[in-house]
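For the sequence shown, numbering that gives the first Met the number 0 begins at 0 and goes up steadily by one. To keep things clear, I will list the structure first and then write my remarks on it.
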Amino acid sequence: MRATQVLLQQHHGRMFRRHWKLQGHRKLIDNGALKSLKERGIQVENALDVVNDKVVLPHKFPLKPLITVEVSNAVELVQHFIFDDSNVLVSGLDHAKNFTNSIEILSESLNVATAESDFSRHDLVKRCIKSSLLYDAYQEKLPKRTDPERPAWNFPRDYGITDRRRNLLLCNRMIQLCSSLNPQLLAHRRTLSDATFRVPLERDGEKVLMSLRADILLTSSEELEAPSTSIDVNENKKDEDVPDLHPMTSTVSLTKEITPVNQLVDSSPFVYGFSKCNVHTAIVHYNSTETANIHDLDVSQDQFLSRSLMKAYAFALAEARRRYGADIENLPHPVTVQCVHTDSKDFHFAVLQLNTVKDNTLTDERNFYWSLPIQTLYETCEYSSGKPVIEGYNPSVFNTLLAFCRNN
């Protein structure tokens, strides 16, 4: 076969450009509208005469004089320390005890009626774990992985369920399961989400604002009974003093902020007239992407425990001021708050009995704090050979959570 000339397809764009050029020079067809307007005495102007008018812009634009307003009631700004959900105390639990004027009581003395084990109940808990950590279809870019031995190595980006969403899904489902197992309590309880408390106070002569969030807050129509009234607190523990932080102060590792003085007031998520406004149990989440040290070190277990005490103290102090007024100094009755601190795997259960709102340098009275050992809900929860598998499930975690919700 003889080779012939290569034939190319005509470029269609040339035809479209020519068609557009021809259509752009179309002649206007007289439809009689101009004649009809002139007969009616309506003046018609050529649009080109209006468009072609040149607008002369001035070279200088005079500035308008500034309007001076005299502010008679200027807002005063005040510098203060702040402890929020992104902070942890540098010295851990001892630091929190000194800040909150609390002493730790043996957890064996805390009378918590742990619920009995039920296989069908724990099957539901396992379903909650799988639904929250494995079955959820929400995919988001996760934090970058790093290798200390190879800091320059770039790992592939991971996608999955974020720590905040894992905590939110798991805790909501477990609390919903506790409510379904105790329907008689629904008439006396309410569940709030993202309840924020703001509590101003003074420590070592400095103003401190505690702005903390209870991710899930259980409220009740009745006040929680103080544990010390039903158990025998060791006399040696009553005389125990708070840890000494010398040469540090209790405000070390707290960040400074400048806030209008009218915003340093107590704030709680309850509205006026809400009958079930007594704080019962606060469930707080530990999100590694939100909470960190100011010196870029990993959060230790001792700092994890201190965060439980600081959160419980803020909620108890806000509850005391709601009941007895913002200027209360001597509490007529102790205020008790239960706290559950979790990162969706490890659970820490604690109870704080607030006996005084004063600093440890102003009174010899101490607050009582019960802290149960950290319990692990499961060892691993992942897909194995394409199947969702939970290994090392600990039933005592849900039993303790159920006992906290049932406590009255």
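By construction, the Cβ of each residue, glycine as well, lies at the ideal position given by its N, Cα and C atoms. On a predicted model such as this, the values are computed, not experimentally measured, just so you know.
Can residue i and residue j be called in contact, C-beta distance under 8 Å?
i      : j      : result
LEU371 : SER106 : yes
PHE397 : MET173 : yes
ASP162 : THR288 : yes
ALA319 : LEU330 : yes
ALA317 : ALA213 : no
LEU123 : LEU176 : yes
THR379 : GLU390 : yes
VAL278 : THR218 : yes
LEU141 : TYR382 : no
CYS338 : ALA311 : yes
PHE154 : ALA313 : no
VAL350 : GLU328 : no
ASN407 : GLU221 : yes
SER274 : ARG202 : no
HIS94  : LEU244 : yes
LYS129 : PRO387 : yes
Which same chain residues end up closer than 8 Å to residue i when comparing Cβ atoms and leaving out the 5 residues on each side of it in sequence?
i      : result
LEU263 : VAL77, HIS79, PRO199, LYS206, LEU208
LEU21  : none
SER178 : LEU184, LEU185, ARG188, THR190, CYS404
VAL241 : LYS96, ASN97, ASN100, SER101, ILE102, ASN359, ARG365
GLN299 : Inspection of the sequence shows that residue 299 is occupied by Ser rather than by Gln. The answer, listed in chain order, is GLY91.
ASN166 : ASP214, HIS284, TYR285, ASN286, THR341, ASP342, SER343
CYS127 : LEU169, ARG172, MET173, LEU176
LYS255 : GLN78, HIS79, PHE80, ILE81
Enumerate in chain order the residues of its own chain whose CB-to-CB distance from residue i is below 6 Å, with the five nearest sequence positions on each side excluded.
i      : result
TYR392 : TYR377
PHE82  : MET209, LEU253
LEU169 : SER131, SER343
TYR285 : ASP342
LEU92  : ASP301, LEU304, SER305
ASN235 : With a pLDDT of only 47 at ASN235, under 50, the local geometry of the prediction cannot be trusted, and no value is derived from it.
ALA325 : ASP265
ILE373 : ASP345, HIS347
What is the DSSP secondary structure of residue i, reduced to helix, strand or coil?
i      : result
ALA95  : helix
GLN4   : coil
ASN277 : strand
PHE303 : helix
ARG17  : helix
SER119 : helix
MET209 : strand
THR375 : strand
ALA46  : helix
PHE403 : helix
ASN100 : coil
SER395 : helix
LEU353 : strand
LEU223 : coil
ILE128 : helix
GLU38  : helix
VAL89  : coil
GLU381 : strand
SER370 : strand
ASN235 : Note on ASN235: pLDDT 47, under 50, position unreliable in the model; the coordinate value appears next. It is helical.
HIS24  : coil
HIS245 : coil
SER266 : strand
GLU256 : strand
GLU107 : helix
HIS11  : helix
LEU33  : helix
Give me, in chain order, the residues of the same chain whose beta-carbon lies closer than 7 Å to that of residue i; leave out the 5 immediate sequence neighbours on both sides.
i      : result
TYR137 : ILE160, ARG164
ASN181 : CYS404, ARG405
LYS63  : none
GLN352 : ALA225, PRO226, SER227, PRO333, THR335, ASN366, PHE367
LEU33  : VAL43
VAL251 : VAL89
ASP84  : LEU211, ARG212, GLU289, THR290
LYS125 : ILE389, TYR392
TYR158 : GLN138, GLU139, LYS140, LEU141
Using a beta-carbon distance below 8 Å, is residue i in contact with chain B?
i      : result
MET173 : The question asks about chain B, but that chain is absent: this structure has only one protein chain.
Whether or not the segment 134–150 and the segment 186–194 are in contact is what I'm after, with contact meaning three or more pairs of Cβ atoms, one per stretch, closer than 8 Å; do they touch? no
Starting from the N-terminal side, write out each stretch of the alpha helix (DSSP H) that is 4 residues or longer and does not extend beyond the segment 131–202. Complete alpha helix (DSSP H) runs here, min 4: 162–180.
Segment contact, 8 Å Cβ cut-off, at least three pairs: the segment 265–285 with the segment 45–54: no
Segments assigned beta strand (DSSP E), at least 3 residues, entirely inside the segment 284–352: Correct list: 334–341.
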